[in-house]
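Chains as they are written, first to last, in my numbering: chain H, 274 to 419; chain R, 6 to 128. I have placed the structure first, in the form of structure tokens, so that the comments after it can refer back to it.
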């Protein structure tokens with residue numbers, strides 16, 4: 274495998290991990306917070322009580338675990354790839370979230386929102402056509418390739 | 006109004022936070038090995054970078070604003086709405102991180118932004 278192809282492959286694998294873990298985490302967080310109910314009293318006591326309910330909720334913690342996986346993948350991919358490549362590519366989460374929200378949370382998703390999701394998908398495809406890394410030479414650490 | 010204010014906080018804090026994190030990871034350099042040991046090593050080095058902590062602080066602000074938002078808005082509205090950070094992120098990458106954002110990439114970012122606007126209008 275050429276260095277160029279290897280770079281693209283590992284970028285795509287980590288981005289896929291990011292997108293799935295991120296979307297799952299967001300949906301779990303939403304489910305958890307919805308179980309608790311809306312933050313009603315914007316007093317220090319009200320906010321404190323809300324935070325205690327949030328951090329004693331199992332679904333919230335499962336969501337946080339997914340988001341930790343998302344975050345580690347994000348950090349790793351940013352060690353070589355452009356922020357302006359990774360950020361739009363991670364927008365695939367927005368393609369996945371309405372689908373998960375529809376199926377898992379049974380939220381309604383309007384046709385206009387689906388059109389937006391389609392636009393985002395097309396944009397991500399275009400960004401995917403550009404080189405993942407433009408700021409540093411790939412032959413920096415040839416000894417570490419093995 | 007309350008929703009718009011919280012969306013603005015989420016977008017600004019997360020974009021600047023992620024740019025700070027990118028700077029930290031670029032200082033560390035390309036990761037080549039993905040064994041658990043190597044990954045923990047990279048995380049250890051990352052946590053010793055000042056930029057990483059600036060990023061964490063900003064992302065923590067963004068995270069708690071997001072949690073609050075999710076308590077009164079649907080997830081299929083909240084998550085796409087905060088995607089305004091895509092346009093901000095591309096600008097930040099060009100001017101703060103000096104990345105090459107070519108025409109194809111700008112077009113991709115533009116489409117992502119239009120997608121975000123449509124998602125907003127679809128609420």
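We put the beta carbon where it would ideally sit given N, CA and C, even for glycine. These figures come from a predicted structure and were not determined experimentally.
CB contact below 7 angstroms: residue 353/H versus chain R: Position 80 of the first chain holds residue 353/H. It does: the Cβ of residue 353/H has a partner Cβ on chain R nearer than 7 angstroms.
Residue-chain proximity (residue 407/H, chain R), Cβ-Cβ < 7 angstroms: Along the first chain, one-based indexing puts residue 407/H at 134. Yes, its Cβ sits closer than 7 angstroms to a Cβ of chain R.
Check whether residue 74/R and residue 83/R have beta carbons under 7 angstroms apart: Counted from its first residue, the second chain places residue 74/R at position 69. Counted from its first residue, the second chain places residue 83/R at position 78. Cβ distance < 7 angstroms, so residue 74/R and residue 83/R count as in contact.
Partner residues on chain H for residue 110/R, Cβ-Cβ distance less than 7 angstroms: As a working note, residue 110/R is residue 105 in the second chain. Ordered by position in chain H, the residues that pass the 7 angstroms Cβ test against residue 110/R are 357, 400 and 403.
Reduced DSSP secondary structure (H/G/I, E/B, other) of residue 308/H: For this step, residue 308/H is matched to residue 35 along the first chain. Note: residue 308/H maps to helix in three-state DSSP.
Straight-line Cα distance separating residue 284/H from residue 20/R: Within the second chain, residue 20/R is the residue found at index 15, counting from 1. Within the first chain, residue 284/H is the residue found at index 11, counting from 1. For residue 20/R and residue 284/H, the distance between alpha carbons rounds to 20 angstroms.
Span of the alpha helix (DSSP H), counted from its first residue to its last, around residue 23/R: Indexing the second chain from 1 puts residue 23/R at position 18. Start and end: 7 to 33.
is_contact[residue 326/H, chain R] using C-beta, thresh 7 angstroms: Mapped onto the first chain, residue 326/H falls at position 53. Taking Cβ atoms only, chain R never reaches closer than 7 angstroms to residue 326/H, which makes this a no.
Residue-level contact to chain R via CB, residue 318/H, 7 angstroms cutoff: Against the first chain, residue 318/H aligns to sequence position 45. Closer than 7 angstroms to the CB of residue 318/H there is not a single CB belonging to chain R.
Straight-line gap, residue 122/R to residue 321/H (C-alpha atoms, nearest Å): As a working mapping, residue 122/R is identified with position 117 in the second chain. As a working mapping, residue 321/H is identified with position 48 in the first chain. About 34 angstroms.
Cutoff 7 angstroms: residue 67/R Cβ touching any chain H Cβ: Along the second chain, one-based indexing puts residue 67/R at 62. No, because no Cβ of chain H sits closer than 7 angstroms to the Cβ of residue 67/R.
Host alpha helix (DSSP H) of residue 104/R (start-end): Residue 104/R sits at position 99 when you count from the first residue of the second chain. It is not in any alpha helix (DSSP H) - residue 104/R carries neither H nor E in the DSSP assignment.
At least three beta-carbon pairs within less than 8 angstroms, the segment 102 to 120 of chain R to the segment 342 to 361 of chain H: yes
Residue 281/H at chain R interface by Cβ criterion, 7 angstroms: Along the first chain, read from residue 1 onward, the residue named residue 281/H stands at position 8. False, the Cβ-Cβ gap to chain R never drops below 7 angstroms.
CB of residue 30/R within 7 angstroms of CB of residue 352/H, strictly: The count along the second chain starts at 1 and reaches residue 30/R at position 25. The count along the first chain starts at 1 and reaches residue 352/H at position 79. Contact flag set, yes.
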